[in-house]
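Residue numbers (the UniProt record's numbering): 1 to 184.
Every residue gets a Cβ at the ideal spot worked out from N, C-alpha and C, and that includes glycine.
Bear in mind that the values here come from a model prediction, so they are computed numbers and not experimental data.
A quick write-up on the structure given underneath.
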Amino acid sequence: MTIIEHAEKFLGKISYGWRDQWSTDGLQVVCFKNSPYDEVDTFLTIGLSNHELRISDTKNVRHELILPISGLDTPEKIVSLMFFMSEHILSNHNALLRGQVVVLPINIAEKIGFKALYCAMPVFLDDDFATFNKMSSPVVIVWLIPIYSNELDYVAKNGWSKFEDLLQHESLDLFSLKRESILI
1 MTIIEHAEKF LGKISYGWRD QWSTDGLQVV CFKNSPYDEV DTFLTIGLSN HELRISDTKN
61 VRHELILPIS GLDTPEKIVS LMFFMSEHIL SNHNALLRGQ VVVLPINIAE KIGFKALYCA
121 MPVFLDDDFA TFNKMSSPVV IVWLIPIYSN ELDYVAKNGW SKFEDLLQHE SLDLFSLKRE
181 SILI
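This is the structure we're talking about:
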């Protein structure tokens, strides 16, 4: 089974995809239209998992990134965000950790309306989706959740575990680019 077959098992057939014309690594972003829910388009990197990434001095993993979105007028800004994140990871070959926050460059943040991306497990799908074990090191699929400045501050002050508790308690539509901040 390939990573594409793994993704299609949970999300259905790929609707369309893009290649990074500047990448020598064959990076791609694919989209699953109306999946896993109606009105939600799920974007997934393909090819990032060709690289081993450091999770510690003694352990490596691989990644693919997933970003389900609703309320999207044009896919290009999400596609460019996914390519940016892939290149960001490949610039230092460090794995993303659960609860890690990646602050976005101003030009990208302004395009999507959020300050940063929060790294989480893709709990909106079956547990078996989160890790693909058919490569030399496991492929951990990381859910990128766009967050606002005050949510970024909350994670910094209170830690990722409390932030995830807050996300569960508030039951927001984390797929929506038009959602309100969970903090007032």
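- Ranked by how close their Cα comes to the Cα of Ile106, the residues Ser86, Ala95, Ser176 and Leu81 have Leu81 in first place.
- By the neighbour-count criterion, in which a residue is buried when 16 or more other Cβ atoms sit within 10 angstroms of its Cβ, Trp22 is exposed.
- Residues of the same chain with a CB within less than 7 Å of the CB of Ile55, apart from the 5 flanking positions on each side, are Val61 and Ala95 in chain order.
- Residue Pro36 holds the alpha-carbon nearest to the alpha-carbon of Ala7 among Pro36, Asp25, Leu27 and Trp18.
- Here Ser176 carries a strand assignment [DSSP, helix/strand/coil].
- Just measuring C-alpha positions, the residue of Leu152, Asp173, Glu180 and Ser181 sitting nearest Glu39 is Asp173.
- For Tyr154, there is no enclosing beta strand (DSSP E); the residue is found in the alpha helix (DSSP H) stretching over Ser149 to Asn158.
- Cα atoms of Leu48 and His63: separation of roughly 6 Å, rounded to the nearest angstrom.
- In the three-state scheme derived from DSSP, where H, G and I count as helix and E and B as strand, Val29 is classed as strand.
- With distances taken between CA atoms, Glu87 lies nearest to Val29 out of Tyr148, Val29 and Asp153.
- Rounded to whole angstroms, the gap between the alpha carbons of Phe124 and Trp160 is 18 Å.
- Here Val103 is exposed: its Cβ has fewer than 16 other Cβ atoms, across all protein chains shown, within 10 Å.
- No Cβ-Cβ contact shorter than 9 Å links Thr45 with Leu11.
- Shown here, Glu87 sits in a helix according to DSSP, grouped into three states.
- In this structure the stretch 110-125 touches the stretch 66-77; the number of beta carbon pairs closer than 8 Å is three or more.
- Here Cys119 is not near Val139, since their CB atoms are 9 Å or more apart.
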